[in-house]
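**Q** Before we start, here is the structure in question, set down as structure tokens.
Number of protein chains: 2
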Amino acid sequence: MSSQLLTGLPVAKNLRADTARNIKALSGTGVVPKLAVVLATDNESTAWYVRSIVRQAAESAVHCDVVDLGPQASGWQLQEALQALAEDRAVHGIILQTPLPAGVDAAALAALIPPHKDIDGANPESLGRLAAGLPAYAATTAQAAIEVLEHYQVPLAGEHVTVIGRSMVVGKPLAQLLLARDATVTTCHSRTKALASHTKASSVVVVAAGKAGLLTGAELHEGSVVVDVGTNVDEAGRLIGDVHTESVLPVARALSPVPGGVGTVTTSLLMLRTSQAALDTLVASGQPV
Amino acid sequence: MSSQLLTGLPVAKNLRADTARNIKALSGTGVVPKLAVVLATDNESTAWYVRSIVRQAAESAVHCDVVDLGPQASGWQLQEALQALAEDRAVHGIILQTPLPAGVDAAALAALIPPHKDIDGANPESLGRLAAGLPAYAATTAQAAIEVLEHYQVPLAGEHVTVIGRSMVVGKPLAQLLLARDATVTTCHSRTKALASHTKASSVVVVAAGKAGLLTGAELHEGSVVVDVGTNVDEAGRLIGDVHTESVLPVARALSPVPGGVGTVTTSLLMLRTSQAALDTLVASGQPV
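If you read the protein sequences in the order shown, they are chains A and B.
First residue of the first sequence: 1148, per this note's numbering; consecutive thereafter.
First residue of the second sequence: 1148, per this note's numbering; consecutive thereafter.
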């Protein structure tokens, strides 16, 4: 059996086309979609990610401000910056980039982002609204995993899906998105005993544990679909996922790889959401679009 | 094998003792814990439940106001009532009782209850905060199930727990509470195929599907622990759970029954939370307790 690769690029292209449609709908209205990225770290991989957001924004005709408070920023400075952006009517989307300085409460800060501007889905309220079926942005990476699965028409309703990882950025929101699609969902994590007993019983496995090589072919049911959401760096400095590719490829029916999978989709999703949030404010203001 | 019955009364008694301690700590401060129950139905079982809240409040020295808007209440009237209670500094806890009149958006209304007064855990924001590890009240019934499991020292960390039901009042918050206790959690529901494959692999099964007789002994692993959170009414008008008791008792190591289990704990938990919320406002005001 050879695996199909569920690559992110075709998914991202569709999202970019949707964004272009939104931008076109906004032309002549005077509204320019604007995204603000709040940053307080000198972490190199974060800097890399923020550059890719800025690049994608430029390509999408979305205005992007990077508010870099530096790695010494206090919780108070972050709070002030987020509150100002929350009130700024010209800003449609706010991203609070992690990691944050030590001792700063990320969840409490994310709670300052109004749900309608929370295009990265970082505010815990967004997760609650998502679970309740209210309008809300799911955490970007979780939504990107769903976009990949749906683009490649992987069945979810009635299927058993195992999610490895219980973070607020992937595992927890992804479980809600899968439940909303009628999947039976098992959430595994570092304290799970006998991981294979869950993954072997699943038709879809999404791994977001941040542990290179965690998921091998021995843990899988023949013909299952695997989505890798891990981001690790190997000794050579290359980005690798949580999947042990060599052993998984002969067993899985399909694999969304790292790099080239879910990660490719996230920045395009952020632009689509920012353009949509801008359109929503226009609709709310009663201006014809 | 004969099952241990995990009854709610000893759990409720402990919670009431904690409430009494809070009430004692409040004496002489001028603060009287106050709970408001907003009601808009003539449903008989709701009326029965609200009477039990009122009775428990009287026994606990918690002030309780029932704001009955009648079964014809509009969403607008409900919104006004909730906003007034949200602003009323004398009110420490707010319960929005379901069912609500047809066409009214329960989740949107519950979102009007400030998290610090949301002692029933109905606001979707409370679920999000719970998932993020921020201070929050979990939905009462979900927390009551945890109180029962912890009182009887049922191991949860590293265990596989299956939750049957994905509602905002039990299944979804319960999954978060279990994950926070390091359980591996599978959420099943009406669209789940092969329910037994999940429940048979679990050491703890919590059933909150609202379907009488749904869980039989044939679906269980010998020696597992079962918590029944179902509330159904049989032909004779008696309250029965989701567990098929006759077949489950010979297989399960322990069963929390209906009636007499989790339901017995909920009103006591509401009083404990109201008294705690009153204490919290006092602490926040800087007054010595």
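Each residue gets a CB set at the ideal place from its N, CA and C atoms; glycine is no exception.
Is residue 1244(B) helix, strand or coil by DSSP?
**A** Reduced to three states, the DSSP call for residue 1244(B) is coil.
**Q** With a threshold of 9 Å between beta-carbons, can residue 1217(A) be considered close to chain B, or not?
**A** False, the Cβ-Cβ gap to chain B never drops below 9 Å.
**Q** When you compare each of 1386(A), 1306(A) and 1316(A) to residue 1514(A) by their alpha carbons, which one comes out closest?
**A** The requested residue 1514(A) does not occur in the structure, where chain A is confined to residues 1148 to 1436.
**Q** When we look at the beta-carbon of residue 1323(A) and count the other beta-carbons within 10 Å, is it buried (16 or more) or exposed?
**A** It counts as buried.
**Q** Can you list the beta strand (DSSP E) stretches of 3 or more residues lying completely in the stretch 1159-1208 of chain A, in chain order?
**A** Whole beta strand (DSSP E) segments, 3+ residues: 1181-1186.
**Q** Counting only Cβ pairs nearer than 9 Å, list the residues of chain B close to residue 1273(A).
**A** Ordered by position in chain B, the residues that pass the 9 Å Cβ test against residue 1273(A) are 1275.
**Q** Please list, in chain order, all residues of the same chain as residue 1391(B) whose beta carbon is under 6 Å from its beta carbon, the five residues on each side excluded.
**A** Cβ neighbours of residue 1391(B) beyond the five flanking positions: 1360 and 1363.
**Q** Is residue 1274(B) closer than 9 Å to residue 1320(B) when the C-beta atoms are compared?
**A** Yes; because the gap between Cβ atoms is below 9 Å, this pair is in contact.
**Q** Could you tell me the distance, in whole angstroms, from the CA atom of residue 1397(A) to the CA atom of residue 1366(A)?
**A** Cα to Cα, residue 1397(A) sits roughly 12 Å from residue 1366(A).
**Q** Taking contact to mean 3 or more Cβ pairs, one atom from each stretch, closer than 8 Å, check whether the stretch 1369-1381 of chain B and the stretch 1324-1344 of chain A are in contact.
**A** Touching, no, given that fewer than three Cβ pairs across the two stretches are closer than 8 Å.
**Q** Under a three-way DSSP split, which group does residue 1403(A) fall into?
**A** In the structure shown, residue 1403(A) sits in a strand (DSSP, three-state: E or B).
**Q** Compare the C-beta of residue 1189(A) with all C-beta atoms of chain B and state if any pair is closer than 9 Å.
**A** Chain B contact via Cβ: absent.
**Q** Looking only at C-alpha atoms, which of 1216(B), 1159(B), 1336(B) and 1182(B) sits nearest to residue 1233(B)?
**A** Comparing Cα positions, the closest option is 1182(B).
**Q** Is there a Cβ from chain B that is less than 9 Å from the Cβ of residue 1323(A)?
**A** Closer than 9 Å to some Cβ of chain B, the Cβ of residue 1323(A) qualifies, so yes.
**Q** Residue 1305(A) versus chain B: which residues are under 9 Å apart at the beta carbon?
**A** 1338, 1339 and 1340, listed in chain order.
**Q** Anyone know if the C-beta pair for residue 1381(B) and residue 1405(B) falls short of 9 Å?
**A** Against a cut-off of 9 Å, the Cβ pair of residue 1405(B) and residue 1381(B) comes out as no contact.
**Q** Let me see if you follow: with CB-CB separation under 9 Å, is residue 1344(A) close to chain B or not?
**A** Yes, residue 1344(A) counts as interfacial toward chain B.
**Q** Starting from residue 1266(A), trace the beta strand (DSSP E) in both directions and tell me its first and last residue.
**A** From DSSP, residue 1266(A) is part of no beta strand (DSSP E); its letter is neither H nor E.
**Q** Counting only beta-carbon separations shorter than 9 Å, does residue 1264(B) have a partner in chain A?
**A** Closer than 9 Å: no.
**Q** Cα separation between residue 1384(B) and residue 1207(B)?
**A** Rounded to the nearest angstrom, the two C-alpha atoms are 30 Å apart.
**Q** Quick check on the DSSP output: the alpha helix (DSSP H) that includes residue 1427(A) runs from which residue to which?
**A** That run of the alpha helix (DSSP H) goes 1410-1432.
**Q** How big is the Cα-Cα spacing for residue 1187(B) and residue 1160(A)?
**A** Roughly 49 Å separates the two Cα atoms.
**Q** How long is the line joining the alpha carbons of residue 1255(B) and residue 1281(A), rounded to whole angstroms?
**A** Whole-angstrom Cα-Cα distance: 8 Å.
**Q** Could you work out which residues of chain B lie near residue 1220(A), taking near to mean beta carbons separated by less than 9 Å?
**A** None at all; the shortest Cβ gap to chain B is about 21 Å.
**Q** Please name the residue in 1416(A), 1180(A) and 1370(A) whose C-alpha comes closest to that of residue 1290(A).
**A** Considering only alpha carbons, the answer is 1416(A).
**Q** So which of 1368(A), 1242(A), 1317(A) and 1216(A) has the shortest CA-CA distance to residue 1420(A)?
**A** Of 1368(A), 1242(A), 1317(A) and 1216(A), the residue nearest in Cα terms is 1242(A).
**Q** Hey, does residue 1211(B) have any beta-carbon neighbour from chain A nearer than 9 Å?
**A** No, because no Cβ of chain A sits closer than 9 Å to the Cβ of residue 1211(B).
**Q** Where do the N-terminal and C-terminal ends of the beta strand (DSSP E) with residue 1309(A) fall, by residue?
**A** Counting along the chain, the beta strand (DSSP E) containing residue 1309(A) begins and ends at 1307-1311.
**Q** From residue 1176(A) to residue 1430(A), what does the alpha carbon distance come to, in whole angstroms?
**A** Using only the alpha carbons, I get a separation of about 11 Å.
**Q** Can you pull the chain B residues whose beta carbon is under 7 Å from the beta carbon of residue 1313(A), in chain order?
**A** By Cβ distance, chain B contributes 1326.
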